[in-house]
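K.L.:
Numbering follows our numbering, in which position 10 of the sequence shown is assigned residue number 12; successive positions increment by one, without gaps.
I'd like to ask you about the structure that follows.
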Amino acid sequence: MAELKLAVTTREKVSSKVLERSRKEGRIPAVMYGHGSEAQMLWVNALAFSKTYAQAGGSSIISLDVEKGKPASVIIHALALDPMTNRVAHVDFFQVRMDEALETHVPLEFVGESPAVREMGGILVKTLEEVLISCLPKDLPHFLEVDLTLLTELEANVQIKDIKIPAGVKILTDELTTIALVETPRTEAQMAALDEKIEADVTKVEGVVKEETPAAEEEKTEKTEEKK
């Protein structure tokens with residue numbers, strides 16, 4: 003993958019109103035920290051960040067072009083989303099040293115098709131979406147592949163130890179951890195029994211009055227007072 007670059011500008015501490023206005027204008031507040039250095043507050047263009055994040059995710063090195071400063075090698079460490087719009091409201095960049103190993107999670111990419119699913123009607127179950135690794139920044143993979151063609155029989159599974167690990171990368175998640183497995187499909191009798199159990203469980207709770215939490219009761223009281 004080609005080197006990813008992202009331009010940012012420095013910012014001062016401002017009020018929440020200014021932050022909100024800036025977000026509406028297409029700027030996201032961010033902070034860069036790492037290696038005991040003092041945290042630096044930044045602005046990043048929302049559109050440029052969205053494009054970079056689509057390629058980098060949280061597991062690729064980005065060259066951060068800091069205004070009036072030297073470029074910094076970072077990974078996107080955390081995002082805060084606006085609960086109303088689901089847009090990125092804040093970004094944490096973690097600065098790395100290219101000569102020092104880092105620990106981070108990388109996503110798993112499932113490739114191929116399981117013969118047990120295709121030919122025997124098995125049910126594919128994925129139990130992990132990412133794993134913890136350690137490596138130098140230059141060796142950081144964007145993802146790790148999981149070969150589903152290894153699942154040739156019902157009840158078969160793929161574990162961490164079955165992943166082909168790139169040179170320079172060490173997986174810190176236990177090697178016997180299951181990543182994916184194929185379950186035996188349920189019979190019609192089992193499905194019918196399951197439906198009966200669900201119906202029985204529903205009848206047991208009929209007539210039960212849901213207890214309201216103090217917060218819900220308070221909200222209900224406030225609404226009643228507003229109507230008055």
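Cβ coordinates follow ideal geometry from the N, Cα and C atoms, glycine included.
Remember, predicted model here, so these are calculated numbers, not experimental data.
Under the three-state reduction of DSSP, which class applies to ARG25: helix, strand or coil?
P.N.:
The residue you call residue 25 lines up with position 23 of the sequence shown. ARG25: helix per DSSP, three-state reduction.
K.L.:
Along the chain, where does the beta strand (DSSP E) containing THR106 start, and where does it finish?
P.N.:
The residue given as residue 106 occupies position 104 in the sequence shown. Here the beta strand (DSSP E) through THR106 covers 104 to 113.
K.L.:
Secondary structure at GLU131, three-state DSSP: helix, strand or coil?
P.N.:
The count along the sequence shown starts at 1 and reaches residue 131 at position 129. If DSSP states are grouped into helix, strand and coil, GLU131 belongs with coil.
K.L.:
With a threshold of 16 other CB atoms inside 10 Å of the CB of GLU34, please say whether the residue is buried or exposed.
P.N.:
Within the sequence shown, numbered from 1, the residue matching residue 34 stands at position 32. According to the sequence as given, residue 34 is Met; it is not Glu. It counts as buried.
K.L.:
Whole angstroms are fine: how far does the CA of GLU105 sit from the CA of GLN57?
P.N.:
On the sequence shown, residue 57 is found 55 positions in, with the first residue counted as 1. On the sequence shown, residue 105 is found 103 positions in, with the first residue counted as 1. Spanning the two alpha carbons is a distance of roughly 20 angstroms.
K.L.:
Since ASP94 and ALA80 are thought to touch, with beta carbons under 8 angstroms apart, how far apart are those beta carbons, to the nearest angstrom?
P.N.:
Along the sequence shown, read from residue 1 onward, the residue named residue 94 stands at position 92. Along the sequence shown, read from residue 1 onward, the residue named residue 80 stands at position 78. Yes, they are in contact, since the Cβ atoms of ASP94 and ALA80 sit about 4 angstroms apart, within 8 angstroms.
K.L.:
According to DSSP, is LEU66 helix, strand or coil?
P.N.:
Position 64 of the sequence shown, counting from 1, holds the residue named residue 66. Residue state, collapsed to three classes: strand.
K.L.:
Which residues mark the beginning and the end of the beta strand (DSSP E) in which LYS7 is found?
P.N.:
Walking along the sequence shown from the start, residue 7 turns up at place 5. Its beta strand (DSSP E) spans residues 6 to 12.
K.L.:
Under 6 angstroms Cβ to Cβ from VAL204, same chain only, skipping five residues before and after it: list those, please.
P.N.:
One-based indexing of the sequence shown puts residue 204 at position 202. Confidence at VAL204 is low in this model, with a pLDDT of 49, below 50, so the placement of that residue is unreliable and no value is reported for it.
K.L.:
Less than 8 angstroms between the beta carbons of VAL184 and LEU156, yes or no?
P.N.:
Translated into positions along the sequence shown, residue 184 becomes position 182. Translated into positions along the sequence shown, residue 156 becomes position 154. Yes, the pair counts as a contact, with Cβ atoms nearer than the cut-off.
K.L.:
Could you check whether ALA9 and ALA50 sit closer than 8 angstroms to each other, using their CB atoms as the reference points?
P.N.:
For this step, residue 50 is matched to residue 48 along the sequence shown. For this step, residue 9 is matched to residue 7 along the sequence shown. For ALA50 and ALA9, yes; Cβs fall inside 8 angstroms.
K.L.:
Compare the C-alpha of ARG188 against each of THR12, ILE125, ARG99, ALA182 and name the closest.
P.N.:
Here residue 188 is taken as the residue at index 186 of the sequence shown, counted from 1. Checked all of THR12, ILE125, ARG99, ALA182; the closest Cα to ARG188 is ILE125.
K.L.:
If you follow the beta strand (DSSP E) that SER39 is part of, which residue opens it and which one closes it?
P.N.:
Counting from one through the sequence shown, the residue named residue 39 turns up at place 37. SER39 -> beta strand (DSSP E) spans 39 to 47.
K.L.:
Quick check: what's the CA-CA separation for HIS37 versus LEU130?
P.N.:
For the purposes of this step, residue 37 is taken as residue 35 along the sequence shown, with counting starting at 1. For the purposes of this step, residue 130 is taken as residue 128 along the sequence shown, with counting starting at 1. Rounded to whole angstroms, HIS37 to LEU130 spans 30 angstroms at the Cα level.
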